[in-house]
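In UniProt numbering, the protein residues as written are 1 to 423.
Worksheet: the structure to be examined is printed underneath.
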Amino acid sequence: MLLSLTFPLLALGALLPIAANNAPEVTRDIRVRSPIAFSAASPLVKTTNYLTLGKKDRHNPRAASSILAKNSSLISLFGSAQFDTNVTFGDQTFELLVDTGSSDTWVIHSDFTCVSQTTSALLTQAACASGPAYTKTPEFVQIPDENFNITYGDGEFLTGILGYENLTLAGITVNTTIPIVDFAAWDGDDTSSGLLGLGYPNVTRAYVGTDPHNDSVHAFYDPIFTTMYKQGLVAPMFSLAIERDLSGPAGYLALGGLPPVDFMEEFTSTPIVITRLANTQKYPVEYDFYSINMDAVVLDNVSLPSAANGTAYSYLVDSGTTLNYFPTELADAVAAAYNPPAIHQPDDDGTYYVDCNATAPGLGLTIGGTTFWTNPIDMIQVSGTDDDGNDICVSGIYNEGSDPTTDKFVLGCTFFQECSCCI
């Protein structure tokens, strides 16, 4: 079965699993709307343009007429928790994390400063565990009176400068705006050098001025994929296909079409919704994240409502998040259905700890009238080891809370492994 989720401007399709920062905090109130699409969905056409890459491990997991299409294969990190792909900056090629939940494509600079996430104390560059660093090319042109400033959901934060550089992804080259990070609190994997953000322009994190401590006015810009389709180099869609068999590529990122994998041509569609965000200039009239509504959650063949008090929760489709982040009432129900039940420590975060040999419940997510079942393998994930070297396992579902004004519900890699998504 193949899921195609059709979204305004872009199309989201899903395929079968294949053989010390001071930036304004973004919060969300409860209002969500689904406007009429202002662009028809792109044809779901497979492309043969792709690259085959290798795989890596992380230290820790994080939080689709004629079509122009290119592909880049993905590298699995920490099993299949996150994914890398190659991006070339000028004549320098780096491996970047692929993230549909953010928009900035940044790379670490050769003279960056590494600091602690918790205290901002100075650390060695090696402590940030970054991959090879970028050196400015003669073609790089810095943008005056702007700075880059971002904090991610797991507490990592970065600042730096912005400029124009020639970027190449899957054989497509554009001159586009990029942040160059010179100050970082980052938990890297020793190989990836930054992040490939595939979100909308309204989620970019450039600000007017040169002092990150005084950031208040956004300087939104077109990220790499937006630049590509505005220049007519690709159709306005991209797709991710995740490979469960890790003996080969971990999957593919296809620009402007479907990845070169086998699938059943059965699609389901759902609209991207606009979530109203506070403390920003343009919301809620423009798109921000790839957010969708779920019809229901099916737990051991029992359908549970995905909304509380008649108000639907929106879920961010985010390849950069390891787990699915559910509202408390749904997360608790899933945890109780493990045998033995998963355990949530009251003084801990939203993680549920589970016996590595437990039996996972049957979990399905109903989207656009079609239920997508989660493989039990993805419901129990190894997160580390204890002092005796025994595996510590967690549920694939995280308790994010139940306040839509502050809590961000996410369909992360636990979801992506069940389908290939076209956005």
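Using N, Cα and C, we set each Cβ at its ideal position, and we do this for glycine too.
Own chain, CB closer than 7 Å to residue 243, minus 5 neighbours either side, in chain order: 18, 249, 250 and 251
Pair within 8 Å by beta-carbon distance, residue 159 and residue 140: no
C-alpha gap between residue 99 and residue 319, whole angstroms: 5 Å
Three-pair Cβ contact test at 8 Å for the region 213-229 versus the region 158-177: yes
Check: residue 325 C-beta below 7 Å from any heavy atom of the ligand FAD: Among the components of this structure there are no ligands whatsoever, and the ligand FAD is therefore not found.
Extent of the continuous beta strand (DSSP E) run through residue 177: 172-185
Short Cβ contact (8 Å threshold) for residue 491 with residue 90: A question about residue 491 goes unanswered here, because the residues of the chain that appear run from 1 up to 423.
Assigned secondary structure, residue 334 (DSSP; H/G/I helix, E/B strand, else coil): helix
DSSP bridge partner residues for residue 217 (one or two, in chain order): Answer by DSSP bridge pairing: none, since residue 217 is not bridged.
Within-8 Å CB hit, residue 365 to chain B: Absent from the structure: chain B. Only one protein chain is present.
The region 297-304 / the region 356-374 touching (three or more Cβ pairs under 8 Å): yes
Those residues which DSSP pairs with residue 391 across a bridge: 385
Helix, strand or coil at residue 268 [DSSP, three-state]: coil
Best match in 165, 155, 127 and 114 for proximity to residue 426 [C-alpha to C-alpha]: What the structure shows of the chain is the stretch from 1 to 423, and residue 426 is not part of that stretch, so it cannot be assessed.
Member of 173, 148 and 347 whose CA lies at the smallest distance from the CA of residue 212: 148
For residue 261, three-class secondary structure by DSSP: coil
The beta strand (DSSP E) enclosing residue 108, as first and last residue numbers: In the DSSP assignment, residue 108 falls within the unbroken beta strand (DSSP E) covering 106-115.
Burial state of residue 118 (16 or more Cβ within 10 Å): exposed
Inter-residue CB distance, residue 313 and residue 415 (contact presumed, cutoff 8 Å): So it is not a contact: roughly 14 Å between Cβ atoms.
Euclidean distance between Cα positions of residue 215 and residue 379: 40 Å
Pairwise C-alpha distance: residue 302 and residue 511: Residue 511 falls outside the range modelled here, since the chain spans only 1 to 423, and no answer is possible.
DSSP three-state assignment for residue 126, whether helix, strand or coil: helix
Helix, strand or coil at residue 378 [DSSP, three-state]: helix
Short Cβ contact (8 Å threshold) for residue 315 with residue 291: yes
Alpha-carbon spacing of residue 110 relative to residue 321, whole angstroms: Between residue 110 and residue 321, the alpha-carbon positions lie close to 27 Å from each other.
Burial state of residue 399 (16 or more Cβ within 10 Å): buried
Rounded Cβ spacing between residue 192 and residue 97 (contact assumed at less than 8 Å): 5 Å
C-beta contact flag for residue 124 and residue 114 at 8 Å: Inclusion of residue 124 and residue 114 in the CB contact set at 8 Å is warranted, their separation being smaller than that value.
Inter-residue spacing [alpha-carbon to alpha-carbon] between residue 57 and residue 189: Low confidence applies here, because residue 57 scores a pLDDT of 48, under 50, leaving its location unreliable; read the following figure in that light. Going from the Cα of residue 57 to the Cα of residue 189 covers about 7 Å.
Residue 202 in three-state terms, based on DSSP: Three-state result, residue 202: helix.
Cβ neighbours of residue 205 in the same chain (closer than 7 Å, five flanking residues each side left out): 23, 104, 148, 149 and 150
For residue 228, the nearest candidate out of 293, 413 and 167 (CA to CA): 167
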